[in-house]
Amino acid sequence: MTDTASQPTTDLPPAWEPATVEAELYERWVAAGYFTSDAGGDRPPFCIVLPPPNVTGSLHMGHALDHTLMDALTRRRRMQGYEALWQPGMDHAGIATQNVVEREIAREGLTRHDLGREAFVERVWAWKGEYGGQIQGQMRRFGDSVDWSRDRFTMDEGLSKAVQTIFKRLFDEGLIYRAERIINWCPRCLTALSDIEVEHSEDEGELVSIRYGDGDRSIVVATTRAETMLGDTAVAVHPDDQRYAHLVGTEVELPLTGRMIPIVADEHVDPEFGTGAVKVTPAHDPNDFEIGQRAELPAITIMDERGVITAHGPFEGLDRFEARPAVVAALREQGRIVAEKRPYVHSVGHCSRCDTVVEPRLSLQWFVRVAPLAKAAGDAVRDGRTRIHPPELAKRYFDWVDNMHDWCISRQLWWGHRIPVWYGPNGKVMCVGPDEQPPPADEGWTQDPDVLDTWFSSALWPFSTLGWPERTPHLEKFYPNSVLVTGYDILFFWVVRMMMFGLYAMDGVQPFHEVYLHGLIRDETGKKMSKARGNVINPLDWMDRYGADATRFTLARGANPGSDMALAEDWAAGSRNFGNKLWNATRFALMNGASTARAVPARETLTEADRWILGLTDALVSEVDRLYEEYQFAKLSDALYHYTWDELCDWYLELAKVQLAEGGDRAEATRAVLGHVFDVVLRLLHPLIPFVTERLWTTLTGGESVVVAPWPAASGQPRDPEAERHVVAVQKLVTEIRRFRSDQGVKPGQRVSARLSGVDDAGLSALRPAVASLARLNDPGDDFAASASIEVAVAGGTVTVELDLSGTVDLDAERKRLAKDLAAAEKELAGCDAKLGNPNFTDKAPAPVVAKITARREIAVADIERISARLSAMSNG
RNA sequence: GGGCACAUAGCUCAGCGGAAGAGCACUCGGCUUACACCCGAGCGGUCGCAGGUUCGAUCCCUGCUGUGCCCA
């Protein structure tokens with residue numbers, strides 16, 4: 001057998017240096033085609049579509065989490081022999097991108113109107129060409145195993161065709177319609193927004209009570225938006241409200257305008273709020289619009305698209321926020337302000353893109369009639385065709401789909417998919433399908449100027465990226481997608497819409513088998529990361545300093561289903577340390593000739609230590625598999641961390657040192673076991689930390705790449721409970737000896753002569769050299785003089801360790817330790833006695849529980865006896 | 001206003017009916033030839049408060065307090 005010292009040393013440097021190696025490894029994987037999907041062949045499909053990041057953006061920590069989890073799932077399935085497709089791409093982000101380019105041309109003193117629509121859109125494409133690529137670069141640094149050959153963009157020709165196809169189908173079936181409605185309008189972005197693009201916050205405002213009419217023909221209304229009174233067309237009260245019953249059907253004069261407006265009754269007025277009478281402004285409030293519809297009231301728009309008052313009179317030309325105090329002042333002058341409350345905190349909607357206060361606005365827009373689509377989306381989850389993880393979030397999904405409002409899909413933008421509807425002479429309307437010719441412009445036909453909500457095209461993502469509306473081989477193979485991974489915060493934005501459109505476009509087949517919703521990233525104190533707070537961590541910074549693997553492992557370790565995760569730099573450092581630990585442990589194994597070239601010898605020829613670690617390794621494989629099926633990333637990461645560090649490194653490698661020192665067949669067998677366990681753990685870790693495992697695994701095995709290595713399976717060999725008991729006993733014995741040494745102030749490296757008895761009776765004979773090595777003990781020499789002794793109760797018996805500390809023993813320290821142990825044992829005994837002395841317990845508790853407590857009691861009694869004897873011996877001695 | 005979570009060691013979180021756990025932080029001792037991004041040992045919790053169910057409750061139920069989120 002080759003001597004360890006003459007083994008060829010590995011070429012691995014003493015520490016893992018991610019920065020220099022990761023990029024090269026990644027490009028090698030791409031070049032090898034590992035990530036490219038093949039729609040042919042017999043492998044079962046596995047498909048994840050990447051939630052398309054915004055083309056204007058860069059990847060933040062939330063993306064890093066999302067990508068880590070998707071990559072882990074994809075890499076594992078690939079190793080398991082699935083045909084894996086992780087579909088990348090970006091969306092065109094209508095409002096955001098248009099804003100960016102408008103800002104850019106504003107620096108040249110231009111507006112989009114100066115350029116004209118066509119030139120502006122060209123300008124956006126040019127911008128996309130120049131800056132839109134940074135996300136791909138970031139994904140390469142993360143190590144994302146996406147199929148770059150299928151990279152897609154929502155504005156691509158094929159995806160645009162998908163948009164036009166589904167629009168036409170929905171239009172023809174009456175599921176898309178155009179109507180004048182109150183919509184959410186952003187006076188800064190100058191476009192309609194859907195309900196979910198509005199964020200509500202509790203803001204300080206004012207509540208002003210205004211008297212309309214005079215004398216006994218007057219009524220007081222309260223409002224937070226005094227300026228809208230210029231557009232009031234009624235006052236509404238509850239039909240059962242006796243206070244106002246006599247006024248219903250009469251009219252009052254609307255101050256400042258001289259208009260007479262009716263007092264109407266409406267069920268939806270809350271008599272408890274304010275005076276119980278509300279002003280009704282159908283053109284500027286969604287609830288008032290509803291009241292207006294029921295009472296057939298006119299709607300008077302008093303603002304332009306920028307929120308500037310257009311009503312004639314002294315307020316014309318004022319911004320809505322300037323008009324508010326001006327209107328109040330004018331009313332006060334007339335003595336019509338009955339009460340004012342400032343600040344008055346109430347909920348105010350803001351544009352999710354630019355934070356401008358949203359103005360409800362009456363306008364002509366396109367809508368999707370969602371009722372039948374939402375019903376199907378709900379049913380797919382109710383039927384279990386799509387499973388939501390964690391299941392608690394399914395309720396939130398149902399609450400949404402079962403109470404969904406029609407979806408406003410038109411946007412007054414230029415960047416996006418233009419609505420494929422043409423308006424002709426005599427009010428004719430024509431929706432044009434993807435393969436149809438638009439009607440001739442010279443006959444007076446013009447296309448609708450608006451574009452579609454970005455989410456409209458994103459909703460097609462799970463199948464438009466696969467080639468739909470063509471029935472491509474990829475669509476056939478990879479639809480439905482296996483799992484969708486995203487944050488719970490975009491359940492409504494995106495997941496619901498993909499469900500609706502997927503079921504509709506694909507003849508009732510749901511887009512996903514499973515949906516996994518992860519939590520949000522927060523800072524170390526649990527606050528949301530935001531630029532305003534200045535607590536944003538850029539994942540690229542972490543990757544620069546700690547490597548992509550460490551960044552990924554940190555995120556995976558924090559990913560408990562459905563709950564948010566707090567991140568701090570310390571976590572990343574810890575993950576970096578773990579990678580380094582793995583690196584050095586593997587290096588150590590390699591330096592000692594660990595190899596996968598030879599199979600692990602038959603179990604009966606191995607040591608108990610070998611059988612113990614092999615058993616733990618099998619258990620680890622099963623546990624990791626089970627946890628992956630449940631999307632328990634935090635737990636599976638922790639299981640891998642614990643196995644690697646606390647069992648493999650802290651114990652098995654130390655035990656292996658003893659076996660390697662023996663030389664001969666024992667050393668050779670140990671090399672095979674080392675090779676096996678590192679092979680397995682590296683493969684298990686690869687989906688989480690792909691780079692370091694690739695470097696180590698290829699060195700260890702000589703294999704081509706761990707990316708395409710088979711996923712580990714348990715050995716099928718039975719575990720050896722006796723060997724495991726014995727190793728656990730050795731762990732306890734060694735720990736107790738170390739504890740004693742530490743109490744006595746013996747330096748960790750100093751060897752101490754010791755005489756052990758009871759080892760054989762405890763069944764630990766074979767592990768005796770291991771104990772000596774791990775506890776730094778020397779065999780007793782001729783001059784051995786025990787100056788201290790400890791007794792350690794282990795599973796098979798009690799081991800007595802006599803130590804020659806060749807000097808004074810710190811009796812005080814020992815007494816303290818014994819007293820502490822005694823107190824613990826006495827507490828334990830008292831607890832057991834209390835239970836066993838209670839007939840209700842012994843009668844009603846299950847027998848195994850009673851037996852367990854009885855056994856614990858016996859151990860406590862023995863401990864007390866032993867420790868007391870030791871203590872009294874000390875005071876007598 | 002409606003709904004849903006969560007309150008466990010200094011921090012971030014597991015555990016969710018039968019002996020309180022992890023990582024980080026902290027204390028002490030160590031360069032024990034894989035690793036100081038390390039090794040060894042240790043300190044630290046009436047599991048938010050008050051009731052209830054149970055032989056037994058951090059775990060189940062009720063109420064309260066606090067925090068967060070979603071929806072109006």
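Per full-length UniProt numbering, the first sequence starts with residue 1, numbered consecutively.
Think of the CB as a built atom: it goes at the ideal place given N, C-alpha and C, for glycine as much as any other residue.
Among ARG741, VAL799, ASP570, ILE210, the one whose alpha carbon lies nearest that of LEU733: Position 733 of the first sequence holds residue 733. Ranking the options by Cα distance to LEU733, first place goes to VAL799.
I need the straight-line Cα distance from ASP3 to VAL809, nearest angstrom please. What you label residue 3 is simply residue 3 of the first sequence in a count that begins at 1. What you label residue 809 is simply residue 809 of the first sequence in a count that begins at 1. Its pLDDT being 36, under 50, ASP3 is placed unreliably by the model, and the measurement read from it follows with that caveat. Take the alpha-carbon of ASP3 and the one of VAL809: they are about 41 Å apart.
Can you look up GLY89 in the DSSP assignment and give me helix, strand or coil? For the purposes of this step, residue 89 is taken as the residue at position 89 of the first sequence. GLY89: strand per DSSP, three-state reduction.
Is the Cβ-Cβ distance between VAL752 and VAL673 less than 7 Å? The count along the first sequence starts at 1 and reaches residue 752 at position 752. The count along the first sequence starts at 1 and reaches residue 673 at position 673. Against a cut-off of 7 Å, the Cβ pair of VAL673 and VAL752 comes out as no contact.
In angstroms, rounded to a whole number, what distance separates the CA positions of PRO438 and HIS417? Locating residue 438 in the first sequence gives position 438, counting from the first residue. Locating residue 417 in the first sequence gives position 417, counting from the first residue. Rounded to the nearest whole angstrom, the C-alpha separation of PRO438 and HIS417 is 15 Å.
Would you list the residues sitting across from ALA265 in a DSSP beta bridge? Locating residue 265 in the first sequence gives position 265, counting from the first residue. Among the bridge pairs identified by DSSP, ALA265 is matched with VAL237.
Of the residues LEU818, ALA819, ILE853, the one placed nearest ASP833, counting alpha carbons only: Here the question's residue 833 lines up with position 833 in the first sequence. ASP833 has its Cα closest to that of ILE853, out of LEU818, ALA819, ILE853.
Could you check if ALA5 is buried or exposed, using at least 16 other CB atoms within 10 Å of its CB as the buried criterion? In the first sequence, the residue the question calls residue 5 occupies position 5. Only weak support is given to the placement of ALA5: the predicted model assigns it a pLDDT of 35, under 50, and the value that follows is read from those uncertain coordinates. Answer is exposed; the Cβ neighbour count stays below 16.
State the Cα-Cα distance for the pair PRO8 and LYS657, rounded to the nearest angstrom. Along the first sequence, read from residue 1 onward, the residue named residue 8 stands at position 8. Along the first sequence, read from residue 1 onward, the residue named residue 657 stands at position 657. Confidence in PRO8 is poor, its pLDDT being 40 and thus under 50, which makes the residue's placement unreliable; the coordinate value appears in the next sentence. Going from the Cα of PRO8 to the Cα of LYS657 covers about 18 Å.
What residues are listed by DSSP as bridge partners for GLN447? Reading the first sequence from its first residue, position 447 is the one you call residue 447. In DSSP, GLN447 forms a bridge with TRP422.
Hey, MET70 and VAL485: beta-carbon distance below 7 Å or not? In the first sequence, counting from the first residue as 1, residue 70 sits at position 70. In the first sequence, counting from the first residue as 1, residue 485 sits at position 485. Closer than 7 Å, so yes.
Between the Cα of THR228 and those of GLY158, ALA323, PRO45, spot the shortest distance and give me the residue it belongs to. Counting from 1 along the first sequence, the entry for residue 228 is found at position 228. With respect to the C-alpha of THR228, the residue from GLY158, ALA323, PRO45 having the closest C-alpha is ALA323.
Decide yes or no for the touch test of the region 708-726 against the region 630-650: beta carbon pairs closer than 8 Å, at least 3 of them. The answer is no - the region 630-650 does not touch the region 708-726, with fewer than three Cβ pairs under 8 Å.
From which residue to which residue does the beta strand (DSSP E) around CYS47 run? Here residue 47 refers to the residue found at position 47 of the first sequence. That run of the beta strand (DSSP E) goes 45-49.
Where HIS642 falls: helix, strand or coil (DSSP): To locate residue 642, count along the first sequence from 1; it is residue 642. In the structure shown, the three-state DSSP call for HIS642 is helix.
At least three beta-carbon pairs within less than 8 Å, the region 106-115 to the region 513-522: Fewer than three Cβ pairs drawn from the region 106-115 and the region 513-522 lie within less than 8 Å of each other, which leaves the two stretches out of contact.
Straight-line CA distance for GLU826 to TRP645? The sequence position of residue 826 within the first sequence is 826, counting from 1. The sequence position of residue 645 within the first sequence is 645, counting from 1. Taking the straight line joining both Cα atoms gives about 34 Å.
What three-state label does DSSP hand TYR656 in the structure shown? For the purposes of this step, residue 656 is identified with residue 656 of the first sequence, where counting begins at 1. Residue identity check: residue 656 is Ala in the sequence provided, not Tyr. Here ALA656 carries a helix assignment [DSSP, helix/strand/coil].
Are there 16 or more other CB atoms within 10 angstroms of the CB of CYS354, so buried, or fewer, so exposed? Taking the first residue of the first sequence as 1, we reach residue 354 at position 354. With fewer than 16 other CB atoms across the displayed protein chains lying within 10 angstroms of its CB, CYS354 is exposed.
Candidates GLU608, ALA597, LEU653: which alpha carbon is nearest THR586's? Residue 586 sits at position 586 when you count from the first residue of the first sequence. The shortest C-alpha to C-alpha distance from THR586 to any of GLU608, ALA597, LEU653 is the one to LEU653.
Going by beta carbon distance, what residues of the same chain come within less than 8 Å of ALA873, once the five residues before and after it are set aside? The residue labelled residue 873 in the question sits at position 873 within the first sequence. None.
Since THR74 and PHE46 should fall inside the 8 Å C-beta cutoff, what is the C-beta to C-beta distance between them, to a whole number of angstroms? Indexing the first sequence from 1 puts residue 74 at position 74. Indexing the first sequence from 1 puts residue 46 at position 46. At roughly 7 Å, the Cβ-Cβ gap stays under 8 Å, so THR74 and PHE46 are in contact.
Looking only at its chain, what residues have a beta carbon closer than 7 Å to the beta carbon of ILE300, apart from the 5 residues adjacent to it on each side? Numbered from its first residue, the first sequence carries residue 300 at position 300. Contacts found: GLY231, THR233, ALA283.
If we count the other Cβ atoms within 10 Å of its Cβ and call it buried at 16 or more, is VAL509 buried or exposed? Along the first sequence, read from residue 1 onward, the residue named residue 509 stands at position 509. Exposed: under 16 other Cβ atoms inside 10 Å.
Got a sec? Which residues, its chain only, sit under 6 Å from ALA589 by beta carbon, not counting five neighbours each side? On the first sequence, position 589 is the one that residue 589 refers to. Taken in chain order, the residues that qualify are LEU674, PHE678.
Taking 8 Å as the cut-off, does the region 727-743 touch the region 774-781 (at least 3 CB pairs, one atom from each stretch)? Yes, the region 774-781 is in contact with the region 727-743.
Taking the alpha-carbon positions, what's the ALA329 to ASN54 distance? If you number the first sequence from 1, residue 329 lands on position 329. If you number the first sequence from 1, residue 54 lands on position 54. Just so you know, the alpha carbons of ALA329 and ASN54 end up roughly 45 Å apart.
Assuming ARG856 contacts GLU814 (C-beta within less than 8 Å), just tell me the rounded distance between them. Along the first sequence, one-based indexing puts residue 856 at 856. Along the first sequence, one-based indexing puts residue 814 at 814. Contact flag wrong, Cβ pair sits at about 26 Å.
Inter-residue Cα distance where the pair is HIS312 and VAL338: Walking along the first sequence from the start, residue 312 turns up at place 312. Walking along the first sequence from the start, residue 338 turns up at place 338. HIS312 and VAL338: Cα-Cα distance of roughly 25 Å.
For LYS279 versus VAL358, is the C-beta distance shorter than 7 Å? Your numbering for residue 279 matches position 279 in the first sequence. Your numbering for residue 358 matches position 358 in the first sequence. 7 Å or more divides the Cβ of LYS279 from the Cβ of VAL358.
Tell me which same chain residues have a C-beta within less than 6 Å of the C-beta of GLU22, skipping the five on either side of it? Here residue 22 is taken as the residue at index 22 of the first sequence, counted from 1. Cβ within range, chain order: ALA548, PHE691.
Alpha-carbon spacing of SER742 relative to PHE578, whole angstroms: For the purposes of this step, residue 742 is taken as residue 742 along the first sequence, with counting starting at 1. For the purposes of this step, residue 578 is taken as residue 578 along the first sequence, with counting starting at 1. One C-alpha to the other measures close to 26 Å.
On the criterion of 16 or more Cβ atoms from any shown chain inside 10 Å, does MET1 qualify as buried, or is it exposed? Looking up residue 1 in the first sequence gives position 1. Note that MET1 scores 35 on pLDDT, short of 50, meaning its location in the model is unreliable; the coordinates nonetheless yield the value given after this. Exposed is the call here.
Terminal residues of the beta strand (DSSP E) in which ASP203 lies: Numbered from 1 along the first sequence, position 203 holds the residue referred to as residue 203. Here the beta strand (DSSP E) through ASP203 covers 198-214.
From GLY519, SER563, ILE196, ASN287, residue whose alpha carbon lies closest to that of TRP400: Translated into the one-based positions of the first sequence, residue 400 becomes position 400. Cα-wise, what sits closest to TRP400 is ILE196.
In three-state DSSP terms, what is ILE105? If you number the first sequence from 1, residue 105 lands on position 105. Residue state, collapsed to three classes: helix.
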